[in-house]
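Following: one structure in structure tokens, then a few remarks.
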Amino acid sequence: MAGTKMRPVHQRVRAGEYDVDIRTYGGGADHVVLVHGIGASGRYFSRLVEELARTSTVHTLEMPGFGSTPRPDGSLGMADFAAVNCEALRAAGIGPAQWVGHSMGCQVVTEMALQAPELVTSVVLLGPTINRGERHAVLQGLRLAQDCLRESAAVNWIVFTDYLRAGPLWYLRTLPKMVRHPLEERIGKVLAPVTLVRGARDPIVPARWLQELAAARPGAVAVELPGQPHVCMFTEPARTAELLREAALAR
Numbered sequence: 158m159a160g161t162k163m164r165p166v167h168q169r170v171r172a173g174e175y176d177v178d179i180r181t182y183g184g185g186a187d188h189v190v191l192v193h194g195i196g197a198s199g200r201y202f203s204r205l206v207e208e209l210a211r212t213s214t215v216h217t218l219e220m221p222g223f224g225s226t227p228r229p230d231g232s233l234g235m236a237d238f239a240a241v242n243c244e245a246l247r248a249a250g251i252g253p254a255q256w257v258g259h260s261m262g263c264q265v266v267t268e269m270a271l272q273a274p275e276l277v278t279s280v281v282l283l284g285p286t287i288n289r290g291e292r293h294a295v296l297q298g299l300r301l302a303q304d305c306l307r308e309s310a311a312v313n314w315i316v317f318t319d320y321l322r323a324g325p326l327w328y329l330r331t332l333p334k335m336v337r338h339p340l341e342e343r344i345g346k347v348l349a350p351v352t353l354v355r356g357a358r359d360p361i362v363p364a365r366w367l368q369e370l371a372a373a374r375p376g377a378v379a380v381e382l383p384g385q386p387h388v389c390m391f392t393e394p395a396r397t398a399e400l401l402r403e404a405a406l407a408r
């Protein structure tokens, strides 16, 4: 994994007709599962993994078509990715665990928590998409470009090269499913404790959207990281890890 010297235990898990790559770090009693966003991979979790693996067992998932996994022939929606992930976690014997999503991964993790509540102890959503007020692919593209100007060169390099690995066709097949997914309607049904996190400089996830999600899920904790952009777990890994540990205690 880029940015970390730890050697993961890597396994490719077959879930139905799809493959999920799982990389495991650390050896603590508590388990954390990290789910990436559209076009991305487990690589941009590297600095967060370093923090978490000191005390926990950390698993990064790479969903079908992203990172090192083969691209499927058809397209998958958020609930489809969730079903594949849950099946892969069961097959790998991972869980119960804290589930953490970033960007589109927040939508997937929410669906996972609805499909397999017995496998999740707490849910943390980092930079949750899609802002209901800008549910349009072109607007999301503009926000992504705006965020790139606020990210570090290291983050932009990781994300750009991951997008190339996924390829434009798979990205464009997935994008409409992501944009149409109503997270604000789904999050209120999650039974596990929920923590919502955004970077204060994240143009993709405005503060009002985070508050709307918090209102949709009574009891959810909403946190803003000062000065951070969308990929806050890379730019502020220590504080993000602290938030995850606090969320784990909430259960």
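Following my numbering, the numbering of the sequence shown begins with 158 at its first residue and continues without gaps. Ideal Cβ positions, reconstructed from N, Cα and C, are used throughout, including at glycine. Keep in mind it's a predicted model, so treat the numbers as computed, not measured.
Between which two residues does the alpha helix (DSSP H) holding residue i run?
i, result
"R402", "394-406"
"V336", "325-337"
"Q385", "Taken as a continuous stretch (DSSP letters only), Q385 belongs to no alpha helix (DSSP H), as it is neither H nor E."
"V347", "Per DSSP, V347 belongs to no alpha helix (DSSP H) and is neither H nor E."
"A373", "364-373"
"A302", "294-305"
"A249", "235-249"
"E207", "203-209"
"R343", "340-343"
Of the residues the options, which one's Cα is nearest the Cα of residue i?
i, options, result
"R355", "I179, E275, V166, V281", "V281"
"L348", "S225, L209, M269", "M269"
"A395", "L382, A405, Y328", "L382"
"L306", "I361, V277, V295", "I361"
"T352", "L367, R358, P339, L271", "L367"
"A294", "H338, M163, L283", "H338"
"E393", "G184, Y201, I179, R180", "Y201"
"L296", "L283, L271, P333, E308", "P333"
"P285", "V316, V166, D359", "D359"
"F121", "Y320, P350, L321, V316", "There is simply no residue 121 to check, as the chain begins at 158 and stops at 408 in what is shown."
"V170", "I179, V312, L321", "I179"
"E207", "D187, M163, D237, W314", "M163"
"L271", "P350, G184, V166, A186", "P350"
If we call anything under 8 Å between Cβ atoms a contact, is residue i one with residue j?
i, j, result
"A373", "A379", "no"
"S203", "A404", "no"
"S260", "F223", "no"
"V177", "L401", "no"
"M335", "I287", "yes"
"V192", "L218", "yes"
"L276", "A254", "yes"
"V215", "Y175", "no"
"E369", "R292", "no"
How is the beta strand (DSSP E) around residue i delimited, first residue to last?
i, result
"Y175", "175-182"
"D187", "187-192"
"V351", "351-356"
"R169", "166-172"
"A273", "Neither: A273 is in no beta strand (DSSP E) and is coded neither H nor E."
"S213", "213-219"
"V277", "277-283"
"A197", "Note, A197: premise wrong, no beta strand (DSSP E); not H, not E."
I believe residue i touches residue j by the beta-carbon criterion, under 8 Å. Please report the beta-carbon distance rounded to the nearest angstrom.
i, j, result
"A245", "A364", "At roughly 34 Å, the Cβ-Cβ gap does not stay under 8 Å, so A245 and A364 are not in contact."
"A398", "L205", "6 Å"
"I195", "T318", "Not a contact, Cβ separation roughly 15 Å."
"A273", "C243", "4 Å"
"R212", "M220", "One detail in the question is off: residue 212 reads as Thr in this sequence, not Arg. At roughly 26 Å, the Cβ-Cβ gap does not stay under 8 Å, so T212 and M220 are not in contact."
Got a sec: does the ligand ADP put a non-hydrogen atom nearer than 7 Å to the Cβ of residue i?
i, result
"R307", "Ligands displayed in this structure: none; no statement on the ligand ADP is therefore possible."
- prompt: Can we say the region 384-394 touches the region 299-319, given the rule of at least three CB pairs closer than 8 Å?
  reply: yes
- prompt: Can we say the region 247-259 touches the region 224-235, given the rule of at least three CB pairs closer than 8 Å?
  reply: These segments do not touch.
- prompt: Three or more C-beta pairs closer than 8 Å, one from the region 329-345 and one from the region 260-277: is that the case here?
  reply: yes
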